[in-house]
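Oh and the sequence shown: position 193 is 195 in the working numbering, straight run, nothing missing. The beta-carbon is built from N, C-alpha and C at its ideal position, and this holds for glycine as well. Notes follow once the structure below has been shown.
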Amino acid sequence: MVQQASANVPVSAALIPLGPRYKLAPVVQEVLATIDAVHTDGQLPTIPITSYSRGAGTSGNVSAGGYRATVDAQTGKATGSLSIELNSHEQAMRGVRNTLAHEIGHFLDHRAFGDVADLATRAGDPAFADWRATADASAHVQQLRTAARTGTIVRNGVRLRSIDVGYVRYLLQPHEVWARSYAQYVAEVSGNPAMLAEIARELSSARYPTQWAQADFAPIRAAIDTLFRSRGWRP
Ligand SMILES: [Zn+2]
């Protein structure tokens, strides 16, 4: 157990929320309060949350948001210019709470675990070994692996044909699996009804799978619990 002196800092202490005139301001406040009730983190650099509004492009896909970190080309280190962006367009609203938790998951992966040159999960940080093993063994990740290999997904009785294998590979990257698992962890541990509803909606959809059925997620939830406790982020 590594108990860090600064472990008891609320996650929201690092996040600069949207000002009150923004449409997503109440949602941001709600999600930050939810995360604060689940765990703390260490002393982290501040990061602003920003919003934009953009509907589906010609591909039909709607961007939900993003985590941005500027990296110095010489040293490979993050320069401190960080931001989380959220799409406030109505087409992106169905999963907006999980999107914010997801992007905060990327921020923690990047800045709360040692070397800031890369995301800890992508760099193979040993602190994530148990999380990685349980995630790899989950039916959700196995389904994506099969999809990447065969080019087909059967989801809730619907066969998705001509799937975008590049997108499936993107979903399989360790840091993306981490961010999705972090969002689900926050939803399940907090019991936030709106966040749980967003996950339930995703699970019942016939689109690319991005979340875990609750039983499938249980070992991953336990691994994240252990990871956060080892850092003193949860009692
Ligand atoms: Zn992501």
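Check	Outcome
Among 202, 218, 131 and 61, whose alpha-carbon lies nearest the alpha-carbon of residue 228?	131
According to DSSP, simplified to helix, strand and coil, what is residue 163?	coil
If you measure between the beta carbons of residue 137 and residue 191, is that distance less than 8 Å?	no
How far does the beta strand (DSSP E) with residue 50 in it reach, from first residue to last?	49-54
Applying the 10 Å Cβ sphere with the 16-neighbour rule, what's the burial state of residue 194?	buried
Going by alpha carbons, who is nearest to residue 100 out of 181, 226 and 11?	181
State buried or exposed for residue 48, treating a residue as buried only when at least 16 other CB atoms are found within 10 Å of its CB.	exposed
I'd like the span of the beta strand (DSSP E) that includes residue 156, first residue to last.	155-157
Near residue 2, what residues of its chain come up, given a Cβ to Cβ distance below 8 Å and the 5 sequence neighbours on each side ignored?	Here the chain covers residues 3 to 237 and nothing more, so residue 2 does not appear.
Please classify residue 160 as buried or exposed, where buried requires at least 16 neighbouring CB atoms within 10 angstroms.	exposed
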